[in-house]
Each structure stands twice: as C-alpha cells, then as structure tokens.
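Since the structure comes first, as structure tokens, the remarks are kept for the end.
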Amino acid sequence: MQQLILNEKLILSIESLGKKVRLIISELDTELACRKETIKNLERFLIEYEAKIFKGRLQLHKYNEIIEVVLKSKPIAVISSSDFKSIIDNL
Numbered sequence: 140m141q142q143l144i145l146n147e148k149l150i151l152s153i154e155s156l157g158k159k160v161r162l163i164i165s166e167l168d169t170e171l172a173c174r175k176e177t178i179k180n181l182e183r184f185l186i187e188y189e190a191k192i193f194k195g196r197l198q199l200h201k202y203n204e205i206i207e208v209v210l211k212s213k214p215i216a217v218i219s220s221s222d223f224k225s226i227i228d229n230l
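Going by my numbering, the sequence shown runs without a break in its numbering and finishes at 230.
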C-alpha cells in the first residue's frame, strides 16, 4: 500500500487489487471515503490535460499537472500528477 499525506489530518492510500486499485481517504484510523478503479482508467486520467474522475464522496479533478482531491464536494488537497503517477507505476 502506497500513501500520500494530503494535509495534517488526511492521508490518501492506494492499495493494489490486481488490475484494480483502491483509493482510500482516511483520517487517523478512520476511512472517510474509498473508490475502486482500474489502473488503466487512472493512467488515462493522468494523460489528459484537464479531466475529472469518479462521482460521489471522493473525486479527483486534474488541471494540467495538478490534481485536486475533493471529498464530499469540498476540495481538501492538491497533489502533483507526477507524484500520483509514480505511486500508480510502483504498484
């Protein structure tokens, strides 16, 4: 499992499930939201200049090289697409 620290309270964890991954937003030991997605769809998302992926509690919005993490319709963090891509590549 790979992790990215989003802010002082929240962590984005990415867990490999074969051809899919599970993205988890957690605060301490509590899961706030999760989403399962194929690696292929995440790679397609990263190629786009401007894109959105997922609906519901957890969403990712990409603008050029920046990915905005949205939880419950509120932006909670910004991560670089290169950091996100390196995690996906290392799964």
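Using N, Cα and C, we set each Cβ at its ideal position, and we do this for glycine too.
Over the uninterrupted alpha helix (DSSP H) stretch that includes residue i, give me the two end residues.
{"i": "E204", "result": "No alpha helix (DSSP H) contains E204, which DSSP labels as neither H nor E."}
Assign residue i to one of two classes, buried (16 or more other C-beta atoms within 10 Å of its C-beta) or exposed (fewer than that).
{"i": "L167", "result": "exposed"}
{"i": "I186", "result": "exposed"}
{"i": "V160", "result": "buried"}
Going by DSSP, what residue range makes up the beta strand (DSSP E) through residue i?
{"i": "K98", "result": "Residue 98 lies beyond the stretch modelled for the chain, which goes from 140 to 230, so this question has no answer here."}
{"i": "L143", "result": "Q141 to I144"}
For residue i and residue j, which I take to be in contact (beta-carbon distance under 8 Å), what is that distance rounded to the nearest angstrom?
{"i": "L181", "j": "I150", "result": "Not a contact, Cβ separation roughly 18 Å."}
{"i": "K175", "j": "L199", "result": "That belief does not hold up - the Cβ atoms of K175 and L199 are roughly 14 Å apart, past 8 Å."}
{"i": "S220", "j": "I205", "result": "7 Å"}
{"i": "Q141", "j": "L230", "result": "7 Å"}
* Could you name each continuous alpha helix (DSSP H) segment of 4 residues or more that falls completely within the segment 148-207, going from the start of the chain to the end? => List check, alpha helix (DSSP H) in window: 178-186.
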